[in-house]
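Chains as they are written, first to last, in this note's numbering: chain A, 31 to 448; chain B, 21 to 452; chain C, 713 to 803.
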């Protein structure tokens with residue numbers, strides 16, 4: 031083995047545009063031990079079977095270390111998103127993405143009770159209008175950046191409407207979301223000014239949310255935050271203010287960056303497969319299967335970290351107790367044992383059991399939102415962009431290796447139709 | 021690959037018959053395929069019959085199964101097979117016709133076990149539930165506003181019927197001879213959890229009691245039942261849910277080994293004769309097929325599971341199409357049941373279990389996963405609203421992992437080994 | 713309801729009618745289902761979760777719901793939904 035482990039290469043920004051050949055090498059050993067600079071190293075699961083098995087294994091935990099033992103981990107997501115959330119709102123109010131049963135189940139049940147089919151249906155009905163409103167600003171453009179001009183604003187608006195953030199306050203959320211996204215950049219690891227700015231952002235959101243929650247308690251409206259504050263889920267206690275804040279911020283952070291990447295990765299895949307772009311233009315009903323294939327082929331969340339509560343024997347090896355395990359979802363999605371011709375972008379494939387939204391207990395809550403937002407965006411882009419051409423291929427990527435996506439996706443276009 | 025002029029015959033036009041025929045085609049069988057079904061209906065799905073059909077959410081005739089692949093077949097519906105002549109390779113039908121075969125799939129399934137007293141069983145208001153027409157008739161009776169529904173038998177069908185009746189707001193009494201509902205499959209330890217769940221729904225449970233006779237109003241309508249403790253239950257609808265009987269009578273004289281608990285197969289799925297010799301032209305699948313399960317020391321089982329009917333039929337279809345069996349059929353048994361909004365799922369077979377642990381969650385919270393062990397190995401797991409953890413335990417059961425299983429799991433209490441509490445006299449594992 | 717009900721013995725199923733009104737046929741492998749509820753968001757009129765894990769689905773949705781049902785089928789993380797489209801009931 032070379033000095034630089036495969037997983038270290040995965041994290042190397044040089045490999046951000048195309049980590050998939052590294053994943054193929056990792057799959058030679060379904061569960062491998064990799065040096066990541068920490069004392070214990072890290073365990074990486076890379077095949078579809080191993081990842082699926084671990085996702086469903088009750089000895090796998092999403093709990094992170096207790097508050098007292100929290101040095102900087104070197105993982106920007108933990109250091110700059112997770113830690114500030116927890117520092118601010120204390121350990122007992124961590125959002126459910128970092129919790130195990132039974133706490134996880136209780137918090138998630140409260141959210142699912144308010145994440146109703148009716149609410150999602152209502153938002154889905156709004157998505158086309160939201161996309162048209164955003165694109166209207168670029169009618170005569172000769173170039174467009176899919177990231178900043180469309181993919182960025184859309185998810186924030188959807189989450190604000192879902193939660194019940196008044197339209198007048200929405201611009202604040204756009205700023206906060208942008209600021210939180212910078213927290214994912216490794217540069218900020220050494221930048222105390224940025225870290226301070228992130229803390230201020232969390233303070234600002236938290237203060238704003240406390241106020242909004244108080245308002246919703248006093249005068250409930252038909253929105254998710256009012257519902258969560260009222261706590262009507264059967265058999266589940268109503269969330270306190272801190273849990274509500276943590277949950278709201280989780281939804282903003284987890285639902286934002288990921289959707290941006292889904293839309294952007296989607297447009298990139300379509301431009302690299304112009305035949306599929308044309309087919310989507312001709313038949314927008316192809317969108318749902320196209321989006322599932324995107325979630326397999328180039329998912330926004332490339333991997334998630336877990337820890338082991340006990341020794342786990344798997345795929346001919348034993349993962350010790352108390353170590354960190356990377357579930358390399360994007361690698362499982364390219365596993366030839368699970369998908370035929372896995373390197374091919376093929377929306378017509380059958381039995382697409384991709385891991386793009388994770389699986390088991392922590393399956394992405396916002397998956398239905400991601401699907402319809404990406405559908406509205408990609409269908410509109412396919413229909414309206416005249417002669418789109420990639421300015422740079424590969425495009426520049428943001429540094430994140432877990433939440434991975436282009437920093438910009440600039441296209442030359444001959445204006446917008448319709 | 022088969023030669024084009026070979027003929028395949030599928031006896032039984034339910035889930036296993038349909039999936040078996042599709043599998044034959046997928047495996048490359050190009051000769052004519054004829055599917056014979058005793059019922060006049062195209063293959064339909066049974067699980068909704070005791071649930072959403074009774075509650076009126078799904079009409080009985082809306083349950084027709086989807087085809088998974090285009091199926092080029094000749095259908096003979098509404099006619100039962102009555103004889104099998106293996107020497108001449110002919111199946112006789114109730115109409116007197118004879119259909120020749122080169123490949124034969126036996127998928128005749130089961131029927132509801134009738135109330136032992138035929139006259140009482142024929143009373144108006146007395147129902148069994150197996151077929152789509154049974155469900156439609158029972159649904160009509162339930163919408164007529166019965167004073168009370170008496171469910172005789174606390175197996176899965178009985179429990180599901182009771183829960184469906186409560187969803188309709190009907191008074192329900194469930195009489196079960198065992199110590200609790202579902203005691204035969206889950207043991208009385210978890211059976212007590214089920215009983216409490218049903219009592220919470222408003223079902224009156226009369227466990228450890230037997231219905232002695234069904235009573236009538238003198239003009240042919242049931243009025244209730246007399247129990248063996250001398251008490252009576254007044255009810256205008258009685259659902260007899262005493263399990264199933266396998267449809268094997270038509271095999272009399274065929275030389276195949278069969279009885280009321282199924283037709284015997286070898287490990288590959290070929291039907292065997294009285295001397296245990298497999299007939300390479302014949303396979304069986306679904307409820308009617310009794311086969312040695314490799315995960316359970318080759319114990320012969322016949323399973324009334326939906327997923328088993330699909331998997332074994334697909335296996336049998338490949339077998340009959342001439343695909344060499346790669347391995348013996350060894351699908352891990354699995355089933356589900358939903359009752360009053362709670363979903364019970366199981367993997368493995370509980371028969372012979374000598375230990376039980378609550379591996380995750382808490383029965384008092386209505387959400388938990390229990391594992392059954394036998395001689396120090398995991399043999400089955402049952403989840404109550406906890407299905408996402410089940411695959412991990414399925415792997416442990418497949419691997420014959422030591423019991424108790426998985427230690428250090430999330431949401432795990434003390435792994436105290438309990439007695440599953442199976443009633444003394446267990447029938448062989450012939451139902452779910 | 714265009715089922716194949718008949719009192720006659722040995723009747724063949726009717727050919728799929730040309731009119732579009734014949735419902736779709738849907739079944740869900742509930743062994744495989746883990747109640748991710750993605751179908752309930754994709755086709756809310758035809759899939760409903762009762763309690764935590766009990767999926768109710770419409771086995772015979774109107775043909776007009778084809779796109780929604782297809783969305784549900786595609787979105788299922790465990791690919792447990794089977795749909796047969798009107799007219800594809802081969803014979």
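Even for Gly, the Cβ is constructed at its ideal location relative to N, Cα and C.
Values in this document were obtained by computation on a predicted structure and should not be read as measured data.
Would you say residue i faces chain C, with C-beta separation under 8 Å as the test?
i, result
"residue 356 of chain B", "yes"
"residue 159 of chain B", "no"
"residue 188 of chain B", "no"
"residue 177 of chain B", "no"
"residue 191 of chain A", "no"
"residue 389 of chain A", "yes"
"residue 144 of chain A", "no"
Using the three-state DSSP reduction, which class does residue i fall into: helix, strand or coil?
i, result
"residue 73 of chain A", "strand"
"residue 388 of chain B", "strand"
"residue 280 of chain B", "coil"
"residue 355 of chain B", "strand"
"residue 784 of chain C", "helix"
"residue 427 of chain B", "coil"
"residue 335 of chain A", "strand"
"residue 135 of chain B", "coil"
Use the C-beta contact count for residue i: other C-beta atoms within 10 angstroms, 16 or more gives buried, fewer gives exposed.
i, result
"residue 34 of chain A", "exposed"
"residue 159 of chain A", "exposed"
"residue 253 of chain A", "buried"
"residue 55 of chain B", "buried"
"residue 414 of chain A", "buried"
"residue 440 of chain B", "buried"
"residue 437 of chain B", "exposed"
"residue 212 of chain B", "buried"
"residue 447 of chain A", "exposed"
"residue 225 of chain B", "buried"
Would you give the residue range spanned by the alpha helix (DSSP H) that residue i belongs to?
i, result
"residue 180 of chain B", "176 to 187"
"residue 326 of chain B", "326 to 341"
If we ignore side chains and look at the alpha-carbon of each, how far apart do residue i and residue j end up?
i, j, result
"residue 782 of chain C", "residue 738 of chain C", "10 Å"
"residue 302 of chain B", "residue 274 of chain B", "12 Å"
"residue 386 of chain B", "residue 769 of chain C", "24 Å"
"residue 91 of chain A", "residue 303 of chain A", "39 Å"
"residue 119 of chain A", "residue 382 of chain B", "A caution first: residue 119 of chain A carries a pLDDT of 48, below 50, which makes its placement in the model too unreliable to give a value."
"residue 256 of chain A", "residue 193 of chain A", "8 Å"
"residue 47 of chain B", "residue 330 of chain B", "15 Å"
"residue 154 of chain A", "residue 402 of chain A", "6 Å"
"residue 262 of chain B", "residue 134 of chain B", "8 Å"
"residue 25 of chain B", "residue 51 of chain B", "5 Å"
"residue 85 of chain A", "residue 410 of chain B", "12 Å"
"residue 746 of chain C", "residue 389 of chain B", "14 Å"
"residue 719 of chain C", "residue 771 of chain C", "Since pLDDT at residue 719 of chain C reaches only 35, below the 50 mark, its modelled position is unreliable, and the value read off the structure follows with that caveat. One C-alpha to the other measures close to 24 Å."
"residue 149 of chain A", "residue 290 of chain A", "21 Å"
"residue 38 of chain B", "residue 89 of chain B", "10 Å"
"residue 336 of chain B", "residue 323 of chain B", "15 Å"
Does any C-beta atom of chain A lie closer than 8 Å to the C-beta of residue i?
i, result
"residue 77 of chain B", "no"
"residue 426 of chain B", "yes"
"residue 748 of chain C", "yes"
"residue 219 of chain B", "no"
How would you write the range of the beta strand (DSSP E) that residue i sits in, first residue to last?
i, result
"residue 401 of chain B", "397 to 404"
"residue 389 of chain A", "No beta strand (DSSP E) contains residue 389 of chain A, which DSSP labels as neither H nor E."
"residue 246 of chain B", "242 to 247"
"residue 62 of chain A", "61 to 64"
"residue 113 of chain B", "110 to 113"
"residue 302 of chain B", "298 to 304"
Would you say residue i touches the ligand GTP, meaning its beta carbon is less than 7 Å from a heavy atom?
i, result
"residue 371 of chain A", "Judged by which ligands are present, the structure shown has none, so any question about the ligand GTP falls away."
Closer than 8 Å, CB to CB, is residue i near chain B or not?
i, result
"residue 311 of chain A", "no"
"residue 774 of chain C", "no"
"residue 168 of chain A", "no"
"residue 757 of chain C", "no"
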